[in-house]
């Protein structure tokens, strides 16, 4: 029996992009969906704790109804799916850089695709989330901005948006938030410079280690979520 299925393999500006399904080596064996980029592991449907927490941590503390959420990076859809689980969220806007990833959702090749495609509260568009957030905001502000694109601020997929992780870049991103909005960013590693920059931008900032047991390698790993809430400081 074949334990690996290549669902898609396409060239992108960031390198070869692969969507695959394979069975885990550990018991009980199960099918998981994985994404690799430039021959490096990117994400898996087996471990989604931190991707879901990226939405649940800031939205659990959000007040009011009719909330608008912006997600940077579609991936396998777990952050967007978690945001949609909150009844007070009226709209989730996802900006994804790679059109191939959007195509996987449209063609229902990923685990949550059918449910996501059925939601009238979700819109997915192609674009660069960093360029969007570094530009002047529109009249439509967001109650939460959730970013999961780079591996970490130091380990970027494309080394061209360093300024985003600095004070000026974070201020520009925060300008897209409502007065009580939250900004959250995923990183596979703890990053003190980002944390320091957030202290200068947001009224309140918290760092959340999300530890999980990786069944692929039988080890515990920790991802980091950085969450900042407005109103912004003026210093």
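Numbering (the numbering used here), first residue to last: 784 to 1018.
Glycine included, C-beta positions come from ideal geometry on N, C-alpha and C.
From the DSSP output, in three-state form, read off residue 798 for me. For the purposes of this step, residue 798 is taken as the residue at position 15 of the chain shown. Three-state result, residue 798: strand.
Nearest candidate by alpha-carbon position, reference residue 899, set 815, 923, 886: The residue labelled residue 899 in the question sits at position 116 within the chain shown. Closest by alpha carbon: 886.
Need the endpoints of the alpha helix (DSSP H) that residue 882 sits in, please. What you label residue 882 is simply residue 99 of the chain shown in a count that begins at 1. Unbroken alpha helix (DSSP H) run through residue 882: 882-889.
Rounded to the nearest angstrom, what separates residue 1016 and residue 903 at their Cα positions? Along the chain shown, read from residue 1 onward, the residue named residue 1016 stands at position 233. Along the chain shown, read from residue 1 onward, the residue named residue 903 stands at position 120. In this predicted model, residue 1016 has a pLDDT of only 47, less than 50, meaning its place in the structure is not dependable; the value taken from the coordinates is given anyway. Those two C-alpha atoms are separated by around 36 angstroms.
Buried or exposed, going by whether 16 or more other CB atoms sit within 10 Å of the CB of residue 1019? Because the chain spans 784 through 1018 in this model, residue 1019 falls outside it and cannot be assessed.
If you reduce the DSSP assignment to three classes, tell me which class residue 856 lands in. Counting from 1 along the chain shown, the entry for residue 856 is found at position 73. Residue state, collapsed to three classes: coil.
Taking 9 angstroms as the cut-off, decide whether the C-beta atoms of residue 851 and residue 873 are in contact. Position 68 of the chain shown, counted from the start, is the residue given in the question as residue 851. Position 90 of the chain shown, counted from the start, is the residue given in the question as residue 873. The answer is yes: Cβ separation under 9 angstroms.
Pick from 871, 947, 840, 829: whose alpha carbon is nearest that of residue 894? Here residue 894 corresponds to residue number 111 of the chain shown, with the count starting at 1. Closest option to residue 894, Cα to Cα, is 829.
Applying the 10 Å Cβ sphere with the 16-neighbour rule, what's the burial state of residue 916? For the purposes of this step, residue 916 is identified with residue 133 of the chain shown, where counting begins at 1. Burial call: buried.
Report the residue from 860, 814, 847 whose alpha carbon sits nearest the alpha carbon of residue 835. Sequence index remark: in the chain shown, residue 835 carries index 52 (1-based). Of 860, 814, 847, the residue nearest in Cα terms is 860.
Rounded to whole angstroms, what's the CA-CA distance from residue 919 to residue 998? Just pull it up for me. As a working note, residue 919 is residue 136 in the chain shown. As a working note, residue 998 is residue 215 in the chain shown. Straight-line Cα distance between these residues: approximately 43 angstroms.
Span of the beta strand (DSSP E) holding residue 832? What you label residue 832 is simply residue 49 of the chain shown in a count that begins at 1. Counting along the chain, residue 832 falls outside any beta strand (DSSP E), though it belongs to the alpha helix (DSSP H) covering 832-843.
Going by CA-CA distance only, name the one from 905, 786, 950 that's closest to residue 980. By 1-based counting over the chain shown, the position of residue 980 is 197. Closest option to residue 980, Cα to Cα, is 950.
CA-CA distance, residue 838 and residue 868? On the chain shown, position 55 is the one that residue 838 refers to. On the chain shown, position 85 is the one that residue 868 refers to. Using only the alpha carbons, I get a separation of about 10 angstroms.
Taking the Cβ atom as the reference point for each residue, do residue 965 and residue 1012 lie within a distance shorter than 9 angstroms? Numbered from 1 along the chain shown, position 182 holds the residue referred to as residue 965. Numbered from 1 along the chain shown, position 229 holds the residue referred to as residue 1012. Yes. Within cutoff.
Taking the alpha helix (DSSP H) that residue 970 belongs to, which residues open and close that run? The residue given as residue 970 occupies position 187 in the chain shown. Run containing residue 970: none in the alpha helix (DSSP H); it sits in the beta strand (DSSP E), 960-970.
Kindly identify the DSSP beta-bridge partner or partners of residue 814. Taking the first residue of the chain shown as position 1, residue 814 is located at position 31. Answer is 806.
With a CB to CB cut of under 6 angstroms and the five nearest residues on each side skipped, what residues in its chain are close to residue 996? Counting from one through the chain shown, the residue named residue 996 turns up at place 213. Excluding residues within five positions, the ones whose Cβ falls inside 6 angstroms are 1003.
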